[in-house]
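**Student:** Residue numbers (numbering that gives the first Met the number 0): 0 to 502.
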Amino acid sequence: MTKYVIAILVFLAALAGLLLYVGNDPQLILTSTATTGPLQFSPLKLSWQLVIGLVTFTTVGLIALWSILGWLWRLPSRVKSGVGLRRRNQALDAMEEALIAGSEGDMGKARKKAEKARALIGSEDLGRMVSAQAAEACGDSEEAIAQYQAMLESERTLATGQRGLAQQLLTAGNLPGAIEHASRAYSENKNARWAFDILFQAQVADHQWAAALETLENGVKRKHIDKDLARRRSAVLSTAEASRLSRSGQSDAAMDMAVSAAQDTPEFSPAVALAAKLLGEKGAAKKAGQLIEKAWSKGPHPALSLAYRDINEGASDKVRAKLIKALIKNNPDHRESTLLEVEELLSSGDAVTAWSKLSPMVKNQTPSARICSLAAKAETMLSNAQDARVWLERAATALAEPDWSDLDPEGDAFDYTDQDWRRLIYTYGEKGELIHPRYERGAARRAPLAMNLDTHPAVEDIDIVPANDAVSEKDESMIESAETKSQTSDLAERLDSLLDKPE
0 MTKYVIAILV
10 FLAALAGLLL
20 YVGNDPQLIL
30 TSTATTGPLQ
40 FSPLKLSWQL
50 VIGLVTFTTV
60 GLIALWSILG
70 WLWRLPSRVK
80 SGVGLRRRNQ
90 ALDAMEEALI
100 AGSEGDMGKA
110 RKKAEKARAL
120 IGSEDLGRMV
130 SAQAAEACGD
140 SEEAIAQYQA
150 MLESERTLAT
160 GQRGLAQQLL
170 TAGNLPGAIE
180 HASRAYSENK
190 NARWAFDILF
200 QAQVADHQWA
210 AALETLENGV
220 KRKHIDKDLA
230 RRRSAVLSTA
240 EASRLSRSGQ
250 SDAAMDMAVS
260 AAQDTPEFSP
270 AVALAAKLLG
280 EKGAAKKAGQ
290 LIEKAWSKGP
300 HPALSLAYRD
310 INEGASDKVR
320 AKLIKALIKN
330 NPDHRESTLL
340 EVEELLSSGD
350 AVTAWSKLSP
360 MVKNQTPSAR
370 ICSLAAKAET
380 MLSNAQDARV
390 WLERAATALA
400 EPDWSDLDPE
410 GDAFDYTDQD
420 WRRLIYTYGE
430 KGELIHPRYE
440 RGAARRAPLA
450 MNLDTHPAVE
460 DIDIVPANDA
470 VSEKDESMIE
480 SAETKSQTSD
490 LAERLDSLLD
500 KPE
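Next up, the structure:
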């Protein structure tokens, strides 16, 4: 406003200066050459000051008149615009109140405000979106699904409807419906990252491993997922599908898929173990051994050593021992290599060397059930019965290892359910950490792996009794009584009171 006042004052000052400069003396005389008619008039004498003033005020008057006429011309549209703006503001207020009511759980108020917003704004599409959002905030899945379903009728809101509908159906557990809408959206719009996420989640939840693999491949091509993450997820999906094919009798297809997964992701032990098993059944023990050796160099796992023993089961003890040593050399500094070497030494009767390899693990870390059982075996072979008793008791109560190293050598190392595979797709895919599902869900563990090794005769002389730092005289008498009992019963039976029941 100030700048306009200043401009007017400057103009008036300039005008005053001009009039002062011209003065009253100079005059403008207007004459007419007409002798008759209305154009005949006597000469008019006007001072230049008057002329300048008349011209100035005439110009200002014309500008003012034009402005008034323009304002009157635009008045109807301005009135209409003002009314529309007021309605829009009211609609925005109604939308805000609808969403707030939805978040508060008041679905009745949310629906009422959403209808008001739709009426004020005059947009059916916007009204449906507000209603759907309010329903979601309120937790009314049925209303949200109905609103998103209605959005499919409009081209403008088709993608929004597909996304909302797919997400709601996925949340509600309607996996086929979620897959249908997300799949359609992903095929129509290659940039729809949300469609990839929902489609993949729904297919995995529905245990459609092969379909999820295809979706994952498309996601990589369209750069909707990190390549390393996709590679790990692909390994789990391929192994899960190979396991399914194997159970259904399609061994050739299962073997091809498992071998491919093992070659692409050798650090994923379940793929390698399954591939080795299927190759062994086909008589391709050499190729199975090569897969395990490559996997051992990337990430040793107790299940791989079991698989390696299985495929070389027919070899002589000398050949088998040589092969195990060759396997260990692929990753000699790894913890699993040390434990495998200890197991082999115990199996061959060399308890002294085995204990020298095992003792650093016992001293420098909290021993797991697996390590405790190996220590018990070594102490037994060294004729240290009391120490062996201590280690056996500790083995019964010690923690298991995340990779579930108390594997049953007579069964499948990775006997996963569909839910186990589903969980692994995300847990292994995200961090590359293989934690056995039985360990995560706190399932009862089997006897530690070392207890399944060939038992040295000295073990038969050990009774399992509590071992404490301080033992009372009563406890000592109980121990002596226990030691006089029959020593021919099976050791595993006498461990039942200490070990969890096997699954």
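By construction, the Cβ of each residue, glycine as well, lies at the ideal position given by its N, Cα and C atoms.
Please report the distance separating the alpha-carbon of Q418 from that of G126.
**Tutor:** Near 40 Å, if we compare the C-alpha coordinates of G126 and Q418.
**Student:** Let me know if G60 comes out buried or exposed under the rule of 16 or more other beta-carbons within 10 Å of its beta-carbon.
**Tutor:** Classification of G60: exposed, given that the 10 Å Cβ count is below 16.
**Student:** Where does the unbroken alpha helix (DSSP H) through S46 begin, and where does it stop?
**Tutor:** Taken as a continuous stretch (DSSP letters only), S46 belongs to no alpha helix (DSSP H), being part of the beta strand (DSSP E) at 43-46.
**Student:** In this structure, does DSSP put Q26 in helix, strand or coil?
**Tutor:** Three-state result, Q26: strand.
**Student:** Taking E378 as the reference, which of R85, C371, Q26, A387 has the closest Cα?
**Tutor:** The option with the nearest alpha carbon to E378 is A387.
**Student:** Tell me whether W208 sits in a helix, a strand or coil according to DSSP, three-state version.
**Tutor:** Note: W208 maps to helix in three-state DSSP.
**Student:** Would you mind giving the Cβ-Cβ distance between I327 and E342, rounded to the nearest angstrom? I have them listed as a contact below 8 Å.
**Tutor:** No, I327 and E342 are not in contact; Cβ-Cβ is about 11 Å, not under 8 Å.
**Student:** Alpha carbon to alpha carbon, how far is D468 from A375?
**Tutor:** Confidence at D468 is low in this model, with a pLDDT of 38, below 50, so the placement of that residue should be treated as unreliable; the coordinate-derived value is given next. C-alpha separation (whole angstroms): 17 Å.
**Student:** Is it true that the CB of A283 sits closer than 7 Å to the CB of A274?
**Tutor:** For A274 and A283, no; Cβs fall outside 7 Å.
**Student:** Quick one: Cα of D332 to Cα of K356, how far?
**Tutor:** Spanning the two alpha carbons is a distance of roughly 12 Å.
**Student:** Under 7 Å Cβ to Cβ from A229, same chain only, skipping five residues before and after it: list those, please.
**Tutor:** L215, G218, V219.
**Student:** Could you check what DSSP says for W403 in three-state terms: helix, strand or coil?
**Tutor:** Correct three-state label for W403: coil.
**Student:** Determine the closest residue to W208 out of P75, L433, W420, D349, with distance taken between C-alpha atoms.
**Tutor:** Closest option to W208, Cα to Cα, is W420.
**Student:** Take every Cβ of the segment 425-433, pair it with every Cβ of the segment 226-244, and state whether three or more of those distances are shorter than 8 Å.
**Tutor:** Result yes; three or more Cβ-Cβ pairs closer than 8 Å.
**Student:** In the DSSP assignment, the alpha helix (DSSP H) including P436 goes from what residue to what residue?
**Tutor:** Run containing P436: 436-439, per the alpha helix (DSSP H) assignment.
**Student:** Look at the Cβ atom of L43, then the Cβ atom of L29, and state whether they are nearer than 7 Å.
**Tutor:** Result yes, Cβ atoms of L43 and L29 sit closer than 7 Å.
**Student:** Is the segment 187-200 touching the segment 383-398 in the sense that three or more CB pairs, one from each, lie closer than 8 Å?
**Tutor:** The segment 383-398, when compared against the segment 187-200, does not touch it at the 8 Å Cβ threshold.
**Student:** How many angstroms separate the CA atom of M150 from the CA atom of A177?
**Tutor:** Approximately 16 Å, taken between the alpha carbons.
**Student:** How would you write the range of the alpha helix (DSSP H) that G279 sits in, first residue to last?
**Tutor:** Where G279 is concerned, the enclosing alpha helix (DSSP H) stretches over 268-280.
**Student:** Beta-carbon within less than 6 Å of S168's beta-carbon, same chain only, minus the 5 sequence neighbours each way: which residues are those?
**Tutor:** Per the sequence shown, the amino acid found at residue 168 is Leu instead of Ser. Excluding residues within five positions, the ones whose Cβ falls inside 6 Å are G176, A177.
**Student:** Short check: CB of L423 to CB of V235, under 7 Å?
**Tutor:** Taking 7 Å as the Cβ cut-off, L423 and V235 qualify as a contacting pair.
**Student:** I believe H435 touches D402 by the beta-carbon criterion, under 8 Å. Please report the beta-carbon distance rounded to the nearest angstrom.
**Tutor:** At roughly 6 Å, the Cβ-Cβ gap stays under 8 Å, so H435 and D402 are in contact.
**Student:** Mind checking whether L258 and A294 have CB atoms under 7 Å apart?
**Tutor:** First, the residue type needs correcting, since residue 258 is Val and not Leu in the sequence shown. No.
**Student:** In angstroms with no decimal places, state the Cα-to-Cα distance between T426 and L174.
**Tutor:** For T426 and L174, the distance between alpha carbons rounds to 21 Å.
**Student:** What residue does the alpha helix (DSSP H) around G313 start on, and which one ends it?
**Tutor:** It is not in any alpha helix (DSSP H) - G313 carries neither H nor E in the DSSP assignment.
**Student:** Could you check which residue in S358, V318, G348, G138 has the C-alpha nearest to that of T337?
**Tutor:** Of the listed residues, the one whose Cα sits closest to T337 is S358.
**Student:** Mind checking S480: buried by the 16 CB within 10 Å criterion, or exposed?
**Tutor:** With a pLDDT of 38 at S480, under the threshold of 50, the predicted position of this residue should be treated as unreliable, though the coordinate-derived value follows. Its Cβ having fewer than 16 others within 10 Å, S480 is exposed.
**Student:** Can you give the Cα-Cα distance for L198 and A133, rounded to whole angstroms?
**Tutor:** Cα to Cα, the separation comes out at about 25 Å.
**Student:** Closest by CA to V351, which one among L164, E96, S382?
**Tutor:** When only C-alpha atoms are compared, the closest one is S382.
**Student:** Is S245 closer than 7 Å to A239 when the C-beta atoms are compared?
**Tutor:** Contact: no.
**Student:** Kindly list the residues whose CB is nearer than 7 Å to the CB of A394, restricted to its own chain and excluding five residues on each side of it in sequence; keep chain order.
**Tutor:** Closer than 7 Å at the Cβ level, and outside the excluded window around A394, lie A368, C371, S372, A375, P447.
**Student:** Where do the N-terminal and C-terminal ends of the alpha helix (DSSP H) with K189 fall, by residue?
**Tutor:** It is not in any alpha helix (DSSP H) - K189 carries neither H nor E in the DSSP assignment.
**Student:** Per DSSP, what kind of secondary structure is Q39 in: helix, strand or coil?
**Tutor:** Looking at Q39 - three-state DSSP - the assignment turns out to be coil, as it is neither helix nor strand.
**Student:** On a CA-only basis, which of T264, K317, I67, H223 is nearest S296? Give me that one, please.
**Tutor:** Considering only alpha carbons, the answer is T264.
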